[in-house]
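Engineer: The opening residue of the sequence shown carries number 1 in the numbering used here; numbering runs sequentially from there. A virtual CB, placed ideally from N, CA and C, is assigned to each residue, including glycine. These figures come from a predicted structure and were not determined experimentally.
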Amino acid sequence: MGNIKKIEANNRLDLAYCRLLNSYYKLMTLPKLTDLEVSGKRVIVRLDLDVEDDYTRLEFAEETLDYLVAKRSRLIIIGHKGRPEGEKLSELSLAPIAEVLGGVVGEKVNFFSDTVGYESKKRADMLSEGEILLLENLRFDPGEEKNDDEFSKRLSELGEVYVNEAFAVSHREHASIVGLPKFLPHAAGFRFLKEVETLDGILNAPKRPIVLVIGGLKKDKIEYINNFKNIVDKILVGGRLPLFFNEESPDNDKIIMGKLIPDKEDITIHTIEKFKEEIANAKTVIVAGVPGKYEDIGHRQGTQEVFKAIAASSAFKIAGGGDAEAAITEFGLNDKFDWISIGGGAMLEYLTKATLPGIEALK
1 MGNIKKIEAN
11 NRLDLAYCRL
21 LNSYYKLMTL
31 PKLTDLEVSG
41 KRVIVRLDLD
51 VEDDYTRLEF
61 AEETLDYLVA
71 KRSRLIIIGH
81 KGRPEGEKLS
91 ELSLAPIAEV
101 LGGVVGEKVN
111 FFSDTVGYES
121 KKRADMLSEG
131 EILLLENLRF
141 DPGEEKNDDE
151 FSKRLSELGE
161 VYVNEAFAVS
171 HREHASIVGL
181 PKFLPHAAGF
191 RFLKEVETLD
201 GILNAPKRPI
211 VLVIGGLKKD
221 KIEYINNFKN
231 IVDKILVGGR
241 LPLFFNEESP
251 DNDKIIMGKL
261 IPDKEDITIH
271 TIEKFKEEIA
281 NAKTVIVAGV
291 PGKYEDIGHR
301 QGTQEVFKAI
311 AASSAFKIAG
321 GGDAEAAITE
331 FGLNDKFDWI
341 SIGGGAMLEY
351 LTKATLPGIE
361 ALK
């Protein structure tokens, strides 16, 4: 029995060492913005612009944008909003984002209502040094989500350099994420690199026990729950996700399935207490989604109680995704978390696969 334990311990050490080497290699091979010549050049910057009322994630791109403005780059900002399925929908236009971005970077941001084509190229070519142009929603063109090479090529013709500062959507194999790097010198943005470095710390040298708090509405998170069973020590499931399990705990003692109140918009008080017990023992807490409909004052108890318990714990605390980020901001807990990732799905994907399509495209 003693020999078996020694073998298992050695295997864990070998795995940890391999992960550490992989992380080091990844960070060394990811091209950095500071290694590119961007002064006076037309630089295409892919941002995550899929925001509504909370513009926090736009502020995360400030360091990259400020650097490029200081270099007098001719900035061409691209991004998407919603799921228009290739249709031009006025309610999903990026036009209102131009003023918000201008406030972030402290410069005027001009908007043009198209992505590729003669007029877009003409406007890109006419940019003065330090000028900023925001193009229309990429997903208005079906070539974006289809990862169409022709669409990627036409986008690339607008600029001379490509920068990915959209970690949150880098788990998508879309033209602006994995297609553009084929045609232009490219690099990861400053925030993008910090995301990879922080998440690698959890993968390679985690403090245990690790507790995953996962919630929300999207059924695709069920796959992540299954994938995390071999990574974390406890998984606390809230939001609407228990409904996909018929509120019956799966056959795994790592998973604590939350019980929901009658209208299904929050977790029960008993579940809140169970979650808080696990959080109190954790050394690392990963938050992906919210336990209840926190934006409704009558259904925020679960999210507020659980998030406050996480904030008060001594664990290393990381959160990801728009809802989690918005709830943390709503409750004034931002400074209590060690890291807030700009991507929920991207964060979960990275922690289970140790890479993303957007990362592989840059390498």
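What's the C-alpha gap between G86 and R139?
Structural biologist: Inter-residue distance for G86 and R139 is about 6 Å (C-alpha atoms, whole angstroms).
Engineer: Please list, in chain order, all residues of the same chain as N252 whose beta carbon is under 7 Å from its beta carbon, the five residues on each side excluded.
Structural biologist: K229
Engineer: Select from D296, A326, K293 and D338 the residue whose C-alpha is nearest the C-alpha of I310.
Structural biologist: D338
Engineer: For L21, is the classification buried or exposed, using 16 other Cβ atoms within 10 angstroms of its Cβ as the cut-off for buried?
Structural biologist: Interpretation of L21 is limited by its pLDDT of 48, a score under 50 that renders its predicted location unreliable; the figure taken from the coordinates is listed afterwards. Counting Cβ neighbours within 10 Å, L21 comes out exposed, since fewer than 16 surround it.
Engineer: For E59, which of I359, L241 and E165 has the nearest alpha-carbon?
Structural biologist: E165
Engineer: Give every residue of the same chain whose Cβ lies closer than 7 Å to the Cβ of L356, excluding the five residues on either side of it in the sequence, and list them in chain order.
Structural biologist: S170, H171, A346, E349 and Y350
Engineer: In terms of residues, what are the limits of the beta strand (DSSP E) holding T303?
Structural biologist: No beta strand (DSSP E) contains T303, which is instead part of the alpha helix (DSSP H) from Q301 to A312.
Engineer: State the start and end residues of the unbroken beta strand (DSSP E) segment that holds R42.
Structural biologist: Where R42 is concerned, the enclosing beta strand (DSSP E) starts and stops at R42 to L47.
Engineer: For the stretch 314-341, which segments carrying the alpha helix (DSSP H) assignment without a break, of at least 4 residues, lie completely within its bounds, in sequence order?
Structural biologist: Here the runs fully enclosed are 322-330.
Engineer: Would you call the stretch 43-54 in contact with the stretch 312-329, where contact means no fewer than 3 C-beta pairs closer than 8 Å?
Structural biologist: yes
Engineer: How would you label K6, buried or exposed, when you count the other beta carbons within 10 angstroms and need 16 or more for buried?
Structural biologist: Note on K6: pLDDT 48, under 50, position unreliable in the model; the coordinate value appears next. K6 is exposed by the Cβ-count criterion.
Engineer: Report all residues from its chain with a CB closer than 7 Å to the CB of N137; omit the five preceding and five following residues, and keep chain order.
Structural biologist: H80, K81, P84, L92, S93 and L94
Engineer: Let me check understanding here. Comparing Cα to Cα, which of F316, E107 and N227 lies closest to E131?
Structural biologist: Out of F316, E107 and N227, E107 has the C-alpha closest to the C-alpha of E131.
Engineer: Where does T115 sit, in a helix, a strand or coil, going by DSSP?
Structural biologist: In this structure, DSSP gives T115 a state outside helix and strand, which the three-state scheme calls coil.
Engineer: Do the stretch 219-227 and the stretch 196-207 touch if we need at least three Cβ pairs shorter than 8 Å?
Structural biologist: no
Engineer: Does any CB atom of chain B fall closer than 9 Å to the CB of G344?
Structural biologist: No chain B is part of this structure, which consists of one protein chain only.
Engineer: Hey, would you say I97 sits closer than 9 Å to L155, going by beta carbons?
Structural biologist: no
Engineer: If you reduce the DSSP assignment to three classes, tell me which class K234 lands in.
Structural biologist: strand
Engineer: Within 10 angstroms of its Cβ, does K234 collect 16 or more other Cβ (buried), or is it exposed?
Structural biologist: buried
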